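Student:
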Amino acid sequence: MRPLLLTMNAFGPYAGETTIDFARFGGAGLYLITGDTGAGKTTLFDAISFALYGEGSGAVRKPEMLRSKYSAPEQKTEVLFRFEDKGAIYEVRRTPSYLRPARRGKGETQQLPEAELHMPDGSVRTKVKEVNEALEEILGLNREQFLQTAMISQGDFLKLLLASTEERQKIFRRIFHTERFAALQDRLKQRSADCERTCDRLAQKIESCVEQLRPEGEAEALRAAVLSGEKPAEELLSQLPELLAEEEREREKAVAVRAEKDKEITMLAAELARAEEAAERKRRRQEKAREVLAEQQKLTAQRQREATLSADIAAKKPRWEKLSAYRELLPKYEEVAALTEARKRGEREVQAAEQTLRRAETDVTAAEQALSAAREKHRALSGAGENLARAEAKAESLAVRQKLLALVRQQIEDYKRIYFERQRDLKSYKESYAAYEQANADYTTAYRHFLAGQAGILAEQLRAGEPCPVCGSLSHPKIAARAAGTPSEAALQALETAQKDCQQAAEQAAKRHSASQERLAGQEKKLTERAEELFPGVAFQDLDRSAKAEETVLQAQIAESLTVSAKCKAAAKEYQRLSEELPALEAKRAALETARGSAQEGLSAARQKLEGLRAAEEAGKKQLPAGEAADLQREIRALETEKETAEREEQALLAAIAETAQRIGRLEGEQKALASEHEDSNPADPAALTARLREAEAERDALRKRAEQCSAALSRNREAFLTWQKLAAEQAEALQHFRAAKSLADTASGQLSGQEKLMLETYVQLDYFERIIVRANIRLMEMTEGRYELVRSKEAENKRSQSGLSLDVIDHYNGGQRSVKSLSGGESFQASLALALGLSDTVQEEAGGIRLDAMFIDEGFGTLDEGALRNALQALLELAADARLVGVISHVPELKEKIERQIRIRKQPEGGSSAELVLP
7 MRPLLLTMNA
17 FGPYAGETTI
27 DFARFGGAGL
37 YLITGDTGAG
47 KTTLFDAISF
57 ALYGEGSGAV
67 RKPEMLRSKY
77 SAPEQKTEVL
87 FRFEDKGAIY
97 EVRRTPSYLR
107 PARRGKGETQ
117 QLPEAELHMP
127 DGSVRTKVKE
137 VNEALEEILG
147 LNREQFLQTA
157 MISQGDFLKL
167 LLASTEERQK
177 IFRRIFHTER
187 FAALQDRLKQ
197 RSADCERTCD
207 RLAQKIESCV
217 EQLRPEGEAE
227 ALRAAVLSGE
237 KPAEELLSQL
247 PELLAEEERE
257 REKAVAVRAE
267 KDKEITMLAA
277 ELARAEEAAE
287 RKRRRQEKAR
297 EVLAEQQKLT
307 AQRQREATLS
317 ADIAAKKPRW
327 EKLSAYRELL
337 PKYEEVAALT
347 EARKRGEREV
357 QAAEQTLRRA
367 ETDVTAAEQA
377 LSAAREKHRA
387 LSGAGENLAR
397 AEAKAESLAV
407 RQKLLALVRQ
417 QIEDYKRIYF
427 ERQRDLKSYK
437 ESYAAYEQAN
447 ADYTTAYRHF
457 LAGQAGILAE
467 QLRAGEPCPV
477 CGSLSHPKIA
487 ARAAGTPSEA
497 ALQALETAQK
507 DCQQAAEQAA
517 KRHSASQERL
527 AGQEKKLTER
537 AEELFPGVAF
547 QDLDRSAKAE
557 ETVLQAQIAE
567 SLTVSAKCKA
577 AAKEYQRLSE
587 ELPALEAKRA
597 ALETARGSAQ
607 EGLSAARQKL
617 EGLRAAEEAG
627 KKQLPAGEAA
637 DLQREIRALE
647 TEKETAEREE
657 QALLAAIAET
667 AQRIGRLEGE
677 QKALASEHED
687 SNPADPAALT
697 ARLREAEAER
707 DALRKRAEQC
717 SAALSRNREA
727 FLTWQKLAAE
737 QAEALQHFRA
747 AKSLADTASG
757 QLSGQEKLML
767 ETYVQLDYFE
777 RIIVRANIRL
787 MEMTEGRYEL
797 VRSKEAENKR
807 SQSGLSLDVI
817 DHYNGGQRSV
827 KSLSGGESFQ
837 ASLALALGLS
847 DTVQEEAGGI
857 RLDAMFIDEG
867 FGTLDEGALR
877 NALQALLELA
887 ADARLVGVIS
897 HVPELKEKIE
907 RQIRIRKQPE
917 GGSSAELVLP
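According to the numbering used here, the sequence shown holds residues 7 to 926 in order.
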């Protein structure tokens with residue numbers, strides 16, 4: 007990759023557009039970037055890195071920090087970089103993300119990143135991701151590799167020189183992508199840890215098996231010793247088979263004793279059943295005698311109650327005989343109640359008739375008032391039609407003026423549009439004419455140089471023994487030399503073609519400007535004529551303001567006119583409605599007066615009917631005794647209930663007496679049957695038998711529990727024994743896997759005891775490191791005149807650190823080897839520069855033999871003495887001599903004197919910086 011052109015706009019300290027034409031430096035050589043501190047020298051590197059990868063050259067300079075603080079808010083920040091790679095020319099343009107003024111409204115908005123890549127075949131890629139991928143494919147390097155090979159800053163390569171093994175691992179991992187070996191180390195370590203956890207888990211399970219064992223006697227003491235770690239588990243495991251056999255014998259013995267006890271319990275249960283049956287028969291005889299006595303006493307009490315009830319019924323019969331007379335009076339009470347209800351309905355009818363009359367009188371009064379109000383409003387609206395006609399005429403006049411104003415406003419907008427087109431064409435014409443003047447000047451100057459160098463051009467064509475085309479001589483003793491800067495005929499023709507193209511473009515721009523000027527004048531004339539109807543005497547430049555003011559006034563007048571028209575239309579409509587409504591109101595009043603007369607007649611009839619009902623009701627009440635019908639009905643119901651209750655109680659009592667006598671007979675028969683049953687002369691005691699049975703059952707339960715305990719212990723111990731045997735086999739296999747995995751993990755992690763602490767990733771990185779050191783020593787030996795040579799240190803910095811990537815230096819003046827950290831500032835710079843260049847060569851080789859035709863080196867030369875500076879400069883010149891363009895940033899005055907090709911950066915008084923190319 008060789009840079010050709012860099013253009014920065016509002017980038018870093020460069021407020022305006024700043025262009026660096028690298029092509030003027032040629033294809034190879036050394037050039038210097040110099041200037042004030044903070045002026046923006048390193049920003050050139052940032053711009054190139056940003057153009058290629060979307061990020062600056064330093065880790066602290068993020069893309070959003072690259073916008074210039076000196077530029078105008080509306081000025082766009084972007085970088086254009088043109089470069090050559092493998093003979094093809096590419097051009098990339100990028101814009102970072104930053105806050106810019108919003109195009110609509112106030113405030114700020116976020117400018118999104120943009121990228122555009124022009125390919126040699128004319129195609130263009132515009133998506134940021136596509137541009138990034140394409141550039142990385144073209145260059146063959148990612149950003150990290152590019153910054154380590156083509157763009158080297160002092161801090162970065164000094165960091166590489168003084169880094170520890172761990173830090174250098176991270177640097178090489180990032181550059182050479184050795185993270186897969188670190189991942190393999192981690193996987194091996196994780197595998198070892200997994201195997202160790204498996205062994206621990208199996209040991210815990212075996213310990214759990216030991217805890218589950220419940221042996222007796224000496225075996226239990228051995229189990230406790232195993233759990234405490236005093237004896238090995240294998241000793242207990244060897245005794246478990248005999249322990250299980252002993253537990254089996256103990257269980258069988260407990261089962262046999264329990265069977266004998268079950269037979270004894272069966273005999274006792276049968277004897278107890280016979281004794282309980284004899285006791286039950288005796289209890290039943292005693293119970294039956296008590297039941298017979300109770301029923302006899304009950305029968306005596308029932309017969310006494312029956313005699314008392316019969317006497318009470320005989321005393322109440324005279325009262326029950328009055329029920330017939332009471333029932334004959336009930337219909338007369340009902341007749342009087344019907345008259346009372348009819349009288350109440352008559353009273354309600356009178357009240358309703360009175361309310362109807364009042365409503366009719368209210369309706370007549372309301373109808374008369376409505377008719378009077380309608381006649382008054384009708385007279386007041388008699389002029390509504392004339393008012394409506396006047397309002398409509400005014401609205402039509404305002405509409406005509408509004409239409410005319412709209413035409414004027416449209417012509418004003420057309421004039422503005424044509425005016426801006428004229429301004430655009432004017433700008434295009436000026437730019438085209440300036441380009442033509444520049445092209446014409448370039449062509450005239452080149453033509454003058456071409457004519458002046460004709461003698462040298464002809465001399466280049468002379469051949470020995472051939473006549474000169476000017477003098478005809480066959481000998482050419484003094485051939486004219488071609489003057490420097492004389493263009494070729496092809497270059498002259500190209501400049502002439504460019505001059506003619508610019509001339510043609512300027513003429514076309516002039517025609518466009520003339521045409522737009524004519525359109526503007528014609529539009530001004532049309533607008534003036536049309537506006538005269540609305541704004542007579544108003545100056546042309548005031549037409550826009552007058553039109554806007556007239557539009558505001560006209561809108562207010564139209565709104566007022568619409569309001570007045572609406573009111574007039576409503577008044578005319580209301581007048582018409584009242585004209586149609588008045589006859590209906592008069593008819594309604596007459597109908598209501600008729601309804602009022604009918605209501606008066608209905609009220610008189612209802613009052614007469616009510617008087618007749620009241621007289622009939624009073625006559626009926628006089629024929630009945632004092633009290634209400636409800637009182638008589640309550641008395642009848644009370645007598646009927648009393649009679650029914652007494653008769654029902656008498657019948658129930660007679661039935662109960664018969665049932666009790668029958669039950670006594672049945673119980674006496676059952677008593678005789680129980681007395682005839684056979685009884686033992688000396689029955690056994692159920693309580694004593696029960697005690698003996700419970701004692702036997704308790705002994706049996708104890709024996710069953712003992713047998714169950716023996717079975718449970720035997721089952722648990724046998725299961726634990728089988729599980730232990732299986733786990734022991736698994737543990738042996740797991741330990742074998744763990745030893746192999748741990749050995750492999752310790753080897754890959756550099757943790758083997760007594761060996762160099764060299765991890766797998768570090769071992770792979772050693773190959774790159776050795777190649778870097780070999781290439782670095784070629785330049786370091788030259789820069790230090792054979793004194794210093796870099797060498798890999800095999801000793802770690804401390805007992806806990808990894809080894810393999812530490813760096814020492816051999817001092818050939820005294821033959822000693824020491825750490826690179828002991829070098830002086832200037833010596834450190836020489837070693838750092840040599841190491842960085844060695845790294846650059848190695849990365850290019852690793853990236854597929856990629857060749858970089860340009861390199862950028864930032865600062866560090868100020869620490870060198872005169873001899874060291876001379877040697878370092880010589881190394882860079884040799885690097886540049888290999889068809890490379892090498893740029894160096896430095897403040898050192900000696901470099902300004904020795905490197906003639908320069909880019910000088912200066913701070914500007916108004917803020918920001920500028921860049922200038924200086925060529926010899």
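Backbone N, C-alpha and C fix where the C-beta goes; we use that ideal spot for every residue, glycine too. Predicted model, so just to flag it, every value in this text is computed and none were measured.
Distance, Cα to Cα, LYS133 vs GLU97?
Tutor: Taking the first residue of the sequence shown as position 1, residue 133 is located at position 127. Taking the first residue of the sequence shown as position 1, residue 97 is located at position 91. Looking at the two C-alpha atoms, the distance is approximately 15 Å.
Student: With 16 as the cutoff for other CB atoms within 10 Å, does ALA313 come out buried or exposed?
Tutor: Locating residue 313 in the sequence shown gives position 307, where the first residue counts as 1. So ALA313 counts as exposed.
Student: Nearest by alpha-carbon distance to THR115: which of LEU123, LYS433, LEU105 is it?
Tutor: Position 109 of the sequence shown, counted from the first residue, corresponds to residue 115. That would be LEU105, whose Cα lies nearest to the Cα of THR115.
Student: May I have the straight-line CA-CA distance separating ASN804 from ARG174, to the nearest angstrom?
Tutor: Numbered from its first residue, the sequence shown carries residue 804 at position 798. Numbered from its first residue, the sequence shown carries residue 174 at position 168. Any answer about ASN804 is weak, because its pLDDT of 49 lies below 50 and its placement is not dependable; what the coordinates show is given next. Using only the alpha carbons, I get a separation of about 16 Å.
Student: Is the beta carbon of SER74 sitting closer than 8 Å to the one on TYR20?
Tutor: Within the sequence shown, residue 74 is the residue found at index 68, counting from 1. Within the sequence shown, residue 20 is the residue found at index 14, counting from 1. The answer is yes: Cβ separation under 8 Å.
Student: Confirm, please, whether the CB-CB distance from ARG415 to ALA553 is below 8 Å.
Tutor: Mapped onto the sequence shown, residue 553 falls at position 547. Mapped onto the sequence shown, residue 415 falls at position 409. Yes, the Cβ-Cβ distance between ALA553 and ARG415 is below 8 Å.
Student: Apart from the five residues on each side of it in sequence, which residues of its chain come closer than 7 Å, Cβ to Cβ, to ALA860?
Tutor: Walking along the sequence shown from the start, residue 860 turns up at place 854. Taken in chain order, the residues that qualify are MET7, ARG8, PRO9, ALA156, ARG890, LEU891.
Student: Mind checking ILE485: buried by the 16 CB within 10 Å criterion, or exposed?
Tutor: The residue given as residue 485 occupies position 479 in the sequence shown. ILE485 is exposed by the Cβ-count criterion.
Student: Nearest-angstrom Cα distance between ASN393 and GLU367?
Tutor: Here residue 393 refers to the residue found at position 387 when the sequence shown is read from its first residue. Here residue 367 refers to the residue found at position 361 when the sequence shown is read from its first residue. Taking the straight line joining both Cα atoms gives about 41 Å.
Student: Measuring alpha carbon to alpha carbon, tell me which of GLN196, ARG99, ALA702 ends up nearest MET125.
Tutor: Here the question's residue 125 lines up with position 119 in the sequence shown. Nearest C-alpha to MET125: ARG99.
Student: Sorted by chain position, which residues of the same chain lie with C-beta nearer than 7 Å to ARG698's C-beta, five sequence neighbours on each side aside?
Tutor: By one-based count along the sequence shown, residue 698 stands at place 692. Counting only Cβ-Cβ distances below 7 Å, and skipping sequence neighbours, we find LEU274.
Student: Answer with buried or exposed for ALA625, where buried requires no fewer than 16 other C-beta atoms within 10 angstroms of its C-beta.
Tutor: What you label residue 625 is simply residue 619 of the sequence shown in a count that begins at 1. It counts as exposed.
Student: I need the boundaries of the beta strand (DSSP E) containing ALA921, first residue and last residue.
Tutor: In the sequence shown, counting from the first residue as 1, residue 921 sits at position 915. Here the beta strand (DSSP E) through ALA921 covers 919-924.
Student: Could you tell me whether the Cβ atoms of ALA747 and MET765 are closer together than 8 Å?
Tutor: Numbered from 1 along the sequence shown, position 741 holds the residue referred to as residue 747. Numbered from 1 along the sequence shown, position 759 holds the residue referred to as residue 765. Cβ atoms of ALA747 and MET765: not closer than 8 Å.
Student: If the criterion is Cβ atoms closer than 8 Å, does the pair SER63 and LEU147 meet it?
Tutor: To locate residue 63, count along the sequence shown from 1; it is residue 57. To locate residue 147, count along the sequence shown from 1; it is residue 141. Against a cut-off of 8 Å, the Cβ pair of LEU147 and SER63 comes out as no contact.
Student: Let's test the definition: count the other Cβ atoms within 10 Å of the Cβ of ALA395 and tell me whether it reaches 16, buried, or not, exposed.
Tutor: On the sequence shown, position 389 is the one that residue 395 refers to. It is exposed - the Cβ of ALA395 has fewer than 16 other Cβ atoms within 10 Å.
Student: By DSSP, does GLU61 sit in helix, in strand, or in coil?
Tutor: Within the sequence shown, residue 61 is the residue found at index 55, counting from 1. Three-state result, GLU61: coil.
Student: First and last residue of the alpha helix (DSSP H) that includes LYS82?
Tutor: Position 76 of the sequence shown holds residue 82. LYS82 -> no alpha helix (DSSP H), and no H or E assigned at all.
Student: Kindly list the residues whose CB is nearer than 6 Å to the CB of GLU922, restricted to its own chain and excluding five residues on each side of it in sequence; keep chain order.
Tutor: Walking along the sequence shown from the start, residue 922 turns up at place 916. ARG910.
Student: Got a sec, what are the start and stop residues for the alpha helix (DSSP H) MET789 sits in?
Tutor: Position 783 of the sequence shown holds residue 789. Residues 766-789.
Student: Going straight from the alpha carbon of TYR59 to that of PHE89, what length do you get?
Tutor: Locating residue 59 in the sequence shown gives position 53, where the first residue counts as 1. Locating residue 89 in the sequence shown gives position 83, where the first residue counts as 1. Roughly 14 Å separates the two Cα atoms.
Student: Which of helix, strand or coil does DSSP assign to ILE670?
Tutor: Position 664 of the sequence shown holds residue 670. Helix.
Student: Quick one: Cα of ALA344 to Cα of ALA622, how far?
Tutor: In the sequence shown, residue 344 corresponds to position 338, counting from 1. In the sequence shown, residue 622 corresponds to position 616, counting from 1. Taking the straight line joining both Cα atoms gives about 11 Å.
Student: Drop a sphere of 10 angstroms on the beta-carbon of ARG672, count the other beta-carbons inside from all chains shown, and report buried for 16 or more, exposed for fewer.
Tutor: Taking the first residue of the sequence shown as 1, we reach residue 672 at position 666. Exposed, since its Cβ has fewer than 16 Cβ neighbours within 10 Å.
Student: Expressed to the nearest angstrom, what Euclidean distance is found between the alpha-carbon atoms of GLU903 and ARG781?
Tutor: Along the sequence shown, one-based indexing puts residue 903 at 897. Along the sequence shown, one-based indexing puts residue 781 at 775. Taking the straight line from one Cα to the other gives about 29 Å.
Student: Quick check: what's the CA-CA separation for ILE39 versus THR49?
Tutor: Locating residue 39 in the sequence shown gives position 33, where the first residue counts as 1. Locating residue 49 in the sequence shown gives position 43, where the first residue counts as 1. Going by the C-alpha atoms only, they are around 11 Å apart.
Student: Compute the Euclidean distance between the alpha carbons of LEU925 and LEU11, then round it to the nearest angstrom.
Tutor: Residue mapping note: residue 925 aligns to position 919 of the sequence shown, counting from 1. Residue mapping note: residue 11 aligns to position 5 of the sequence shown, counting from 1. So the alpha carbons of these two residues sit roughly 16 Å apart.
Student: With DSSP run on the structure shown, which of helix, strand or coil describes TYR435?
Tutor: Numbered from its first residue, the sequence shown carries residue 435 at position 429. Helix at TYR435.
Student: Use the C-beta contact count for GLN880: other C-beta atoms within 10 angstroms, 16 or more gives buried, fewer gives exposed.
Tutor: Taking the first residue of the sequence shown as 1, we reach residue 880 at position 874. By the 10 Å Cβ count, GLN880 comes out exposed.
Student: Under 8 Å, do ILE895 and ASP864 count as touching if we go by C-beta distance?
Tutor: Here residue 895 refers to the residue found at position 889 when the sequence shown is read from its first residue. Here residue 864 refers to the residue found at position 858 when the sequence shown is read from its first residue. A contact, by the Cβ cut-off of 8 Å.
Student: Which residue or residues does DSSP assign as beta-bridge partners of THR25?
Tutor: By one-based count along the sequence shown, residue 25 stands at place 19. Bridge partners of THR25: THR13.
Student: According to the Cβ coordinates, are GLU293 and ARG669 closer than 8 Å?
Tutor: Translated into positions along the sequence shown, residue 293 becomes position 287. Translated into positions along the sequence shown, residue 669 becomes position 663. No, Cβ-Cβ distance for GLU293 and ARG669 is not below 8 Å.
Student: Short of 6 Å in beta carbon distance, which residues of its chain neighbour ALA188, apart from the five on each side in sequence? Order them along the chain.
Tutor: Translated into the one-based positions of the sequence shown, residue 188 becomes position 182. Hits under 6 Å: GLU767.
Student: Please report the residue range of the beta strand (DSSP E) in which VAL894 lies.
Tutor: By one-based count along the sequence shown, residue 894 stands at place 888. Taken as a continuous stretch (DSSP letters only), the beta strand (DSSP E) holding VAL894 covers 891-895.
Student: Hey, could you find the ends of the alpha helix (DSSP H) GLU566 is sitting in?
Tutor: For this step, residue 566 is matched to residue 560 along the sequence shown. Element bounds for GLU566: 549-628.
Student: Under DSSP, the beta strand (DSSP E) around PRO107 begins and ends at which residues?
Tutor: Position 101 of the sequence shown, counting from 1, holds the residue named residue 107. 104-107 is the extent of the beta strand (DSSP E) around PRO107.
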